[in-house]
Every structure is written in C-alpha cells, then in structure tokens.
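See below for the structure under consideration.
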Amino acid sequence: MSKRIAILGSTGSIGKNALRVIDSLGAGYEVVALSAHSKVELLAEQVRKYKPKFAAVTNTDFAEQFRSMVSELDVEVLAGPGGLEEIAKLEDVDIVLTAIVGAAGLPAVLSAAKAGKTLAIANKEPLVIAGELLMRTIKASGGTILPVDSEHSAIFQAMQAGSHDEVSKIILTSSGGPFRKMSLGTIENVTAEQALAHPVWDMGPKITIDSATMMNKALEVIEAHWLFGMPVEKIEVLVHPESIIHSLVEFIDGSVVALLSKPDMCLPIQYALTYPKRVKGIAEHLQLDKIGKLTFEKPNLETFRALSLGFEVARTGGTAAVVFNAANETAVEQFLAGRIKFVRIVELVEHCLNRHNVKKQVSLEELLEADGWARKEVEQRVQQRKSVGI
Ligand code: NAD
Ligand code: MG
C-alpha cells in the first residue's frame, strides 16, 4: 500500500525539497494534501502536478484567487489556518510532513499528534514551545515523530547504536553561520543581505537569520531535549564549519557515533518518508578524500549570546521557551523589514526573558498567552525606540 503524505508548507524550502524527494521515490508515495500561506501560483502548479485531494491556503486574502486558479481541477480547497488542522488529521493521510515556519504550525502539529499520525517534523518551533505537551500527546495517541531537522535526524539515527540509558551525551553540530569569525563589535552593523547569505545551507529567510544569530542552534537544543527526552546537561553544541557531520551521540563506554553526509536536506526528508527502510536517493554521496579534513571549534558564546540564552531557557522550562521563540520570531520580522539592527534581535529576546515571570506546568492557553505577550512586547519596544535609532 502507498504511503499517503500531507505536506504542510509545500511552497517553502523544505516543502519543495520534499516534493523533489517524492518525485524520486516514485510509486508507493502519494501526495494527498498540500498547503501554502500566500504563494498561490506555486501551490496551483504543485496541485496540477501532484493532484492532491486537498489544498489549503492559510492566508485567507489569497484563497479566492487560488480557488479560481484550480477551479477546473478535482481538489478540495480549504481556506484559513484551520484548514491545516483538518488536513493533519485526515483519515486519508499516513504521514504529515510539517514544513511550516514558526509557531503558526503548532495547531496542525498538535492535530496530527492527536490523530496518531506519523509526523515528519521539520517545523521545530512547535517542539520548542510545546515540547512536553506534544510528546505527551503523541505517546497517548500511538503516533510517531520522525525528525527532519538534519541534526535531529542524525541523532535519531545514531541513537540506534545503543539504548537510551547508554547515551552519555548528544552533540549538535553547527556550521557557525555567516558570522562565525566575527566579534560582537564587528557584527553590530551587518545587513539583512549579509545575514541571509548562509555559507552552507539554502533555506527559508527566518531560519537563515536564526542561523546567523545562532538562535537556530539554541532552538535545536530545546528541540533535542524534548524529542530525545535528554536532560539539558547531556546536550552540547560543537561548531563544525564543513557541515559534513550532522550531529553525534556519545555512549557511556566512550564510543561516539556520528552521521555524515553532504549537507542536503533531501536526505533527512527522505529518511523520514521511507523510515524504517533506506532506499537509493537523489542526494550526492560523500567523497571524504576530496573533503580532506573536518574541523571543529567551540561556539563563541560572547558573540552568539542566543546560544547561552537557549541553554538557560531549556533548563528553566515552562513558559520561558515560548517567550524565547515568540520574541525571536517577531524580532526577526522586524529585522527583515529593516526596522532594527541585527544585534537587536537577541537583545530584544533577552529583554523579554528578563521581563517575563516564568510559569511552570502550563496549559496550551497559557502558552499562547505568553506567546502573544512576547510578540507585543517586542513590537512596542521597537516602536518606542524608533526615535533613538534602534
Ligand atoms: P520557508 O519560509 O521556506 O517556508 C515556509 C512554509 O510555511 C511555506 O510553505 C509557507 O507558505 C508556509 N507558511 C509561512 N507562514 C505561514 C503561516 N503563518 N501559516 C501557515 N503556513 C505558513 O521555511 P523553511 O526554510 O522551509 O522552514 C520550514 C521549517 O523547517 C522551519 O520551522 C525551519 O526551522 C525548519 N527547517 C528548515 C530547514 C531548511 O533547510 N529550510 C532545515 C531544518 C529545519
Ligand atoms: Mg538544523
């Protein structure tokens, strides 16, 4: 029987790569649903090619335009964010690949988890903000979470070399981003164009900025904490500019198991779709003799304060992570809109964390409330400081 797949966020970087992977897998993989926020021309093209039964447009401003584009096709169009929750729990769907960016993906991720689906999760923010709830929900429903984030896919694969209680630590690798060699002083005035030029990975704008601040690695520490049930003390970050080793797991006997490949998201996407099988794929194979050497360094926690904040937030738990994430999402939007300097992103996140009274053991409503508070706090602060040149 075919694996029936829904791709939430099919017009983004992960979504498009997922469709390339599905093209290469051929028979046995069926696209049942696709979604886009506003890139409706591309979504219409994808609908024509993959003939899904459902297509969702989350930004209602674009829904009517999309309906008219696909009016001659046999596809059910869902408009508004609620459409994703519907798709995520469809009877006709086996695997939900979540490739939405940001906390906006949370309701759909929870919906898929509740419905006991296999969740191929690229959208890391829901795990960061509601990791405990999400892992509890998936356990109760009998569903499965398969990581797509390259580091977490690597850890998931390396973990298979031993049992959970034989792991002494997990080591997340990081390319270091475009500003790896910069000091706090020189990073002050980098432009959006410089921050968007990642040395290794070609990704959506939000995660590319997160890689430049190293907020991405901070979010990944929290993501790993929840996905693998690993205490924060057992998680480390290692800068590895070549991005060949995607992460490592150290076992109690001192053995370290690593996952190596060319940096290509098609590989972790494919593994999540074909799991537990491996099949031939489109990713180019490694030739280590051509690469010659692999290098490693400690992260610079002075320049990349986001990373130390991430560890603190992971240790604190409760609403700290939702504030951390929401403040970052809003600050990145402000930076990309040209309203604040690059270094203010992490300053604004830290400001929100300092002003927030962390609540532990919270409901989903309380998480969303903290999310809303942090977004407003960043917007107000940017507004207030505009006159003094933030
Ligand atoms: P992207 O910006 O390229 O694509 C985002 C997708 O989400 C698009 O399809 C867009 O239509 C949709 N979207 C945007 N806002 C939305 C909203 N408010 N509601 C519903 N849908 C919305 O992003 P990306 O780089 O593909 O990243 C997607 C997720 O995968 C992120 O969480 C990111 O951290 C994670 N991830 C990405 C990569 C990568 O290589 N791009 C690697 C690892 C993890
Ligand atoms: Mg990653």
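Using our numbering, you'd call the opening residue of the sequence shown number 3 and step up by one each time. Don't be surprised by glycine CBs; every beta carbon is placed ideally from N, CA and C.
For Lys362, the secondary structure class from DSSP, reduced to helix, strand or coil, is coil. Taking a C-beta distance under 8 Å as the contact criterion, Leu261 and Gly283 do not qualify as a contact pair. Taking the Cβ of Asp151 as the reference point, at least one heavy atom of ligand 2 falls within a distance shorter than 7 Å. Out of Leu350, Lys5, Val192, the CA that lies nearest to the CA of Gln386 is found in Leu350. Rounded to whole angstroms, the gap between the alpha carbons of Gly145 and Lys388 is 47 Å. Around Ala220, the same chain offers Ala308, Leu309, Leu311, Gly312 as residues with beta carbons nearer than 7 Å, after the five sequence neighbours per side are excluded. Counting only runs of at least 3 residues, the stretch 3 to 58 fully encloses the following beta strand (DSSP E) elements, listed from N- to C-terminal order: 5 to 10, 31 to 38.
DSSP places Phe326 in the uninterrupted alpha helix (DSSP H) bounded by 322 to 338.
If only complete runs of 4 or more residues are kept, the stretch 262 to 307 shows the alpha helix (DSSP H) at 268 to 276, 290 to 293, in order along the chain. The shortest C-alpha to C-alpha distance from Val98 to any of Ala8, Leu240, Ser12 is the one to Ala8.
Val364 is positioned such that its CB atom lies closer than 8 Å to that of Gly320. Scanning Ile247, Leu21, Glu153, Ala65 for the CA closest to the CA of Leu296 turns up Ile247.
Look at His39: its beta carbon is less than 7 Å from one of the heavy atoms in ligand 1. Counting every other CB atom within 10 Å of its CB across the protein chains shown gives Gly17 a total of 16 or more, marking it as buried. Remark: the C-beta of Glu238 is outside contact range of ligand 2, defined as less than 7 Å to any heavy atom. Taking all protein chains shown into account, His154 has 16 or more neighbouring C-beta atoms within 10 Å of its C-beta and is therefore buried. Of the candidates Ala156, Phe230, Leu135, Lys208, Leu135 places its Cα closest to the Cα of Lys362. By the Cβ-count criterion, Met205 is buried, with 16 or more other Cβ atoms from all chains shown falling within 10 Å of its own Cβ.
If you check the C-beta of Ser15 against ligand 1, you find a heavy atom less than 7 Å away. At a cut-off of 7 Å, the beta-carbon of Glu222 counts as near ligand 2: some heavy atom of the ligand is closer than that.
In the displayed model, Phe253 falls within a strand according to three-state DSSP. Counting other Cβ atoms within 10 Å of its Cβ, Phe298 stays below 16 and is therefore classed as exposed. Comparing alpha-carbon positions, the option among Arg377, Ala29, Ala105 lying closest to Gly133 turns out to be Ala105. Partner residues in the beta bridge of Ala122, as assigned by DSSP, are Leu99, Leu148. Proximity of the stretch 211 to 225 to the stretch 177 to 197 meets the contact definition, three or more beta-carbon pairs being nearer than 8 Å. A direct Cα-to-Cα measurement between His227 and Leu174 gives close to 11 Å.
Between ligand 1 and Glu47, a heavy atom-to-CB distance of less than 7 Å is absent.
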